[in-house]
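Participant: Residue numbers (my numbering): 27 to 72.
The beta-carbon is built from N, C-alpha and C at its ideal position, and this holds for glycine as well.
Would you mind keeping the following structure in view while I ask a few things?
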Amino acid sequence: QLPVEQVAQLVAEYTHRPLARFLGQPVVNIVELNLALDALQGHRAK
């Protein structure tokens, strides 16, 4: 199990914010986040 802080850091890393903050909501790139989580899980399993 990954630490909450590490997951939160990854979510922040893969969150894309609009150039003008008032023109939209931040969006998390779920595909990239899942790939990063899979890579961490694979690395931790070794």
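Rounded to whole angstroms, how far is the Cβ of L36 from the Cβ of L61, which I believe are closer than 8 angstroms?
Facilitator: About 10 angstroms; that fails the 8 angstroms criterion.
Participant: I need the straight-line Cα distance from P29 to A46, nearest angstrom please.
Facilitator: Roughly 32 angstroms between the two C-alpha positions.
Participant: Return the first residue and the last residue of the alpha helix (DSSP H) that L36 is part of.
Facilitator: Its alpha helix (DSSP H) spans residues V30 to E39.
Participant: Would you list the residues sitting across from V53 in a DSSP beta bridge?
Facilitator: V53 pairs with H42.
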